[in-house]
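Read in order, the letters of the sequence shown correspond to residues 0 to 165 in numbering that gives the first Met the number 0.
A virtual CB, placed ideally from N, CA and C, is assigned to each residue, including glycine.
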Amino acid sequence: MQNDLNNRVFLLLGTNMGNRSANLLVAKELLEITAGKIIKESSIYETAAWGKTDQAHFLNQVIEIATSLAPHELLGAVLSTEEQIGRSREMKWGPRIIDIDILLYDEIIITSDSLTVPHPAMHLRKFTLVPLAEIAGDVEHPVFQKRISDLLRECNDSLQVVRLSL
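Now the structure itself:
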């Protein structure tokens, strides 16, 4: 990886299987090796599962990284990290040992078969917006052209997002 860490990226980490705190820690350690330098980390939040609700609660955290990787290279690093931790994709919105979503990549908009940035559902999910607003409330969503803190205020998601002190 180059030393030119010019790109600012926000990633959402989520886990609801095994030792959830350890899963987040391992994901961050691997991402620092493969994707870029972690600049900021939100608090860790616990939320009920979204979409498929009959499963264990998730721990979620947003991290900001500085990376030299292009968007699709970053996606490769994210998928590799998930695979190394043991992620298997068997059921949409099902339980997972780790889930890593690319929320924002600088101010760019990407729509391809393999990658959509900004994350297309982030404005609908408090478990994403609460930790993102904690570390990037003033960042503007490039599609909606609204600050993350404003998107959170407007979000109708009723799931409770509980900040943990770990």
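Query: What's the C-alpha gap between Q1 and I108?; Result: Any reading at Q1 must be qualified, since the residue scores a pLDDT of 43, below 50, and its modelled position is unreliable; the value itself is stated next. Taking the straight line from one Cα to the other gives about 23 Å.
Query: Quick one: using the 10 Å Cβ neighbour count with 16 as the cut-off for buried, is H71 buried or exposed?; Result: exposed
Query: Does DSSP put Q83 in a helix, in a strand, or in coil?; Result: helix
Query: Rank G35, V61, K51 by C-alpha distance to the C-alpha of A135 and give the top, closest one.; Result: V61
Query: The beta strand (DSSP E) that contains K27, what's its start and end?; Result: Run containing K27: none in the beta strand (DSSP E); it sits in the alpha helix (DSSP H), 19-33.
Query: Helix, strand or coil for L102 per DSSP?; Result: strand
Query: Measuring CA to CA, which of L68, I97, A47 is closest to R162?; Result: A47
Query: Does the contact criterion of 3 or more C-beta pairs under 8 Å hold for the stretch 143-152 versus the stretch 29-39?; Result: no
Query: Would you identify the three-state DSSP class for L11, choosing helix, strand or coil?; Result: strand
Query: Could you tell me the boundaries of the beta strand (DSSP E) in which E63 lies?; Result: 57-66
Query: Which two residues bound the contiguous beta strand (DSSP E) that contains K168?; Result: What the structure shows of the chain is the stretch from 0 to 165, and residue 168 is not part of that stretch, so it cannot be assessed.
Query: Distance, Cα to Cα, Q104 vs L158?; Result: Note that residue 104 is Tyr in the sequence shown, not Gln. Those two C-alpha atoms are separated by around 26 Å.
Query: Who are the near neighbours of T115 in its chain, counting only those whose CB is closer than 8 Å to its CB and skipping five residues on each side?; Result: I109
Query: Could you tell me the distance, in whole angstroms, from the CA atom of I38 to the CA atom of L73?; Result: 16 Å
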